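Notes follow once the structure below has been shown.
2 protein chains.
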Amino acid sequence: MTDRPYHHGNLRTALLEQAARTVREHGADELSLRELARQVGVSHSAPRRHFADLQALRAALAEAGFARLGAELSNAVDAAGPDFAGRLQATASAYIRFATDEAALLELMFASKHHEQSAKTQETAERAFAVILELIREGQAAGILDQGDPERVGKLLFATVQGIAALVTSGMVEATQVDELVSDATRLFQCGAAQRAEKRVSRRS
Amino acid sequence: MTDRPYHHGNLRTALLEQAARTVREHGADELSLRELARQVGVSHSAPRRHFADLQALRAALAEAGFARLGAELSNAVDAAGPDFAGRLQATASAYIRFATDEAALLELMFASKHHEQSAKTQETAERAFAVILELIREGQAAGILDQGDPERVGKLLFATVQGIAALVTSGMVEATQVDELVSDATRLFQCGAAQRAEKRVSRRS
DNA sequence: ACCTGAACACCGTTCAAGT
DNA sequence: ACCTGAACACCGTTCAAGT
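Here the protein sequences line up with chains A and B, keeping their order.
Read left to right, the first sequence gives residues 1 to 205 (our numbering).
Read left to right, the second sequence gives residues 1001 to 1205 (our numbering).
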């Protein structure tokens, strides 16, 4: 519309937003620094000031993705009622929703390279994981989840949900089956503690 | 060594083998049709006869990967002893071993695009899944696993193992933690049936 | 401090031509 | 049937120069 000033002003953000759009609409393979620069209305070498190379932009995109994922998991927990089973289910569902809405982004987020190279991406990923960890602690305090190293239980839950997401986005599981898989998974996690509660009851009788 | 004939003779296989090597050593992003042609000693347009484009080569690579994965899961089941818990653990471990040895290949295998485009890749992936499915049926017949739609239980197991693999290759879980996660996971799957067995016992008392 | 424009080496893809 | 070589449009990356 209006002619742009020489300095874009917010180039980094503009590039990341356009990149996120491209990934969503055309997949991560379609990312191109030159094309992004063109779409944002800047010379092809301008992005260089903000991203050393394409890989750096991808890492930044992954990091932003983990930040959004963490926020959405956090929102899901907060919005859920007091019942723990419901909270667990809501969190897992939020993860899967993110995974299916942003399949290409999630694929990029779990691409091994960023984590090796960008400590910041790794850190943001861990903050997303922290939401799950906190939920696990809550479930353990309520006696609903297996008492064991919460890190360990949390990682297994994270893995399970991520695995369901991977199967869905890769087409090996139908979108219609997701809900039952998620509820099977969350039920499984409540099984160990329930089993021990059962023992306690039977010992009393 | 000897000068090559005009016809390579086995170009398709040679390209796939070199591509697998490249993915293993340098990652999937490093794949280049021109470079592969050079390494195999053929003109840059020769691959075109065998792979319509780079994406087609990647799909073929993914398919070969699922074939290998299926074979290794199958071997793991066959080599394991009669005890079901051990068979389950052996299969899950074989999956994780493949995932860590061939991290970049697994990432490529689960890239959504192939499955959408290549029915053959999808089919080979399902044959790998069939090994897990068969194991689930075995566990159900032995009364060790939850009786429910085996497809559903199998998919959850597949998802869990794939999720653990994703967390490891993305660096969010240490390689040293893998074994305990796998054994936690397999134990969890044997929990539902154990729980009901517990109930049966307590009802009798 | 931030951006431009020319330059370089590389790539995927196409196609007429060779064996 | 299979492969070559020139051609085209594109890309990532670099760097001296502009504001």
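Note that the Cβ used here is the ideal one computed from N, Cα and C, for glycine as well.
Just so we're clear, the structure is a prediction, and the values are computed from it rather than from any experiment.
Item                                                                                                                                                                              : Value
Would you list, in sequence order, the uninterrupted alpha helix (DSSP H) runs of no fewer than 4 residues that lie entirely inside the segment 145-202 of chain A?               : 150-169 and 178-189
Need the endpoints of the alpha helix (DSSP H) that F98 (chain A) sits in, please.                                                                                                : F84 to D101
Could you say which of B:T1100, B:G1086, B:R1127 and B:C1191 lies nearest to Q1162 (chain B) if we only look at CA atoms?                                                         : B:T1100
Does L1108 (chain B) come out as helix, strand or coil in the three-state DSSP assignment?                                                                                        : helix
Would M1172 (chain B) and A19 (chain A) be called neighbours here (beta carbons separated by less than 8 Å)?                                                                      : no
So for A20 (chain A), helix, strand or coil by DSSP?                                                                                                                              : helix
Please give me, in chain order, every unbroken run of the alpha helix (DSSP H) with length at least 4 that falls completely inside the segment 111-146 of chain A.                : 112-117 and 119-141
So, under 8 Å CB-CB, E1107 (chain B) and A111 (chain A) are touching, yes? Tell me the CB distance rounded to an integer number of Å.                                             : 6 Å
Interface residues of chain A around S1112 (chain B) at Cβ under 9 Å?                                                                                                             : G27, A103, A104, E107, T169, S170 and G171
Within 10 angstroms of its Cβ, does H44 (chain A) collect 16 or more other Cβ (buried), or is it exposed?                                                                         : exposed
Which residue wins for smallest C-alpha separation from D146 (chain A), given the options A:H8, A:F189 and A:R49?                                                                 : A:F189
Taking three-plus beta-carbon pairs below 8 Å as touching, is the segment 82-98 of chain A in contact with the segment 1081-1093 of chain B?                                      : no
What separation, rounded to the nearest whole angstrom, lies between the Cα atoms of L105 (chain A) and L54 (chain A)?                                                            : 15 Å
Please state whether DSSP places V1040 (chain B) in a helix, a strand or coil.                                                                                                    : helix
What's the call for G1143 (chain B), buried or exposed, on a 16-neighbour Cβ count within 10 Å?                                                                                   : exposed
Only counting the same chain, and skipping five residues up and downstream in sequence, which positions put a Cβ closer than 8 Å to that of P1047 (chain B)?                      : L1011, L1015, L1033, L1036, A1037 and L1057
Does K1120 (chain B) have its Cβ less than 8 Å from a Cβ in chain A?                                                                                                              : no
Rounded to the nearest angstrom, what separates E17 (chain A) and V1077 (chain B) at their Cα positions?                                                                          : 47 Å
I want to see whether chain B comes within less than 8 Å of L156 (chain A), judged by CB atoms only; does it?                                                                     : yes
Could you say which of B:Q1122, B:A1166, B:A1103 and B:A1094 lies nearest to I1132 (chain B) if we only look at CA atoms?                                                         : B:A1094
Residues of chain B with CB closer than 7 Å to the CB of E116 (chain A), please, in chain order.                                                                                  : G1171
Could you have a look at N1075 (chain B) and say whether DSSP puts it in helix, strand or coil?                                                                                   : helix
Which of the three DSSP states is assigned to G1027 (chain B) in this structure?                                                                                                  : coil
Quick one: what's got a C-beta closer than 7 Å to A128 (chain A)'s C-beta in the same chain, skipping five residues either side?                                                  : F66, L69, G70 and L73
Under the rule that 16 or more other beta-carbon atoms within 10 Å means buried, what is T1002 (chain B), buried or exposed?                                                      : Low confidence applies here, because T1002 (chain B) scores a pLDDT of 34, under 50, leaving its location unreliable and the question unanswered by this model.
So for G1081 (chain B), helix, strand or coil by DSSP?                                                                                                                            : coil
Check F1051 (chain B) in the structure and name its three-state DSSP category.                                                                                                    : coil
Among the residues of its own chain, which have a CB less than 6 Å from the CB of C1191 (chain B), if the five just before and after it don't count?                              : none
Alpha carbon to alpha carbon, how far is D179 (chain A) from V169 (chain A)? Give it in angstroms, no decimals.                                                                   : Val is not the amino acid found at residue 169 (chain A); the sequence shown has Thr there. Roughly 14 Å between the two C-alpha positions.
For G9 (chain A), which of helix, strand or coil comes out of DSSP?                                                                                                               : coil
What residues of chain B sit near V161 (chain A), judged by a beta carbon separation below 8 Å?                                                                                   : G1163
Would you mind telling me which residues of chain B sit closer than 8 Å to R152 (chain A), beta carbon to beta carbon, in chain order?                                            : Q1177, E1180, L1181 and D1184
Beta-carbon of L1057 (chain B) versus every beta-carbon of chain A: anything under 8 Å?                                                                                           : no
Within the same chain, show all residues whose beta-carbon is closer than 6 Å to that of V23 (chain A), passing over the 5 residues directly before and after it, in chain order. : A104 and L105
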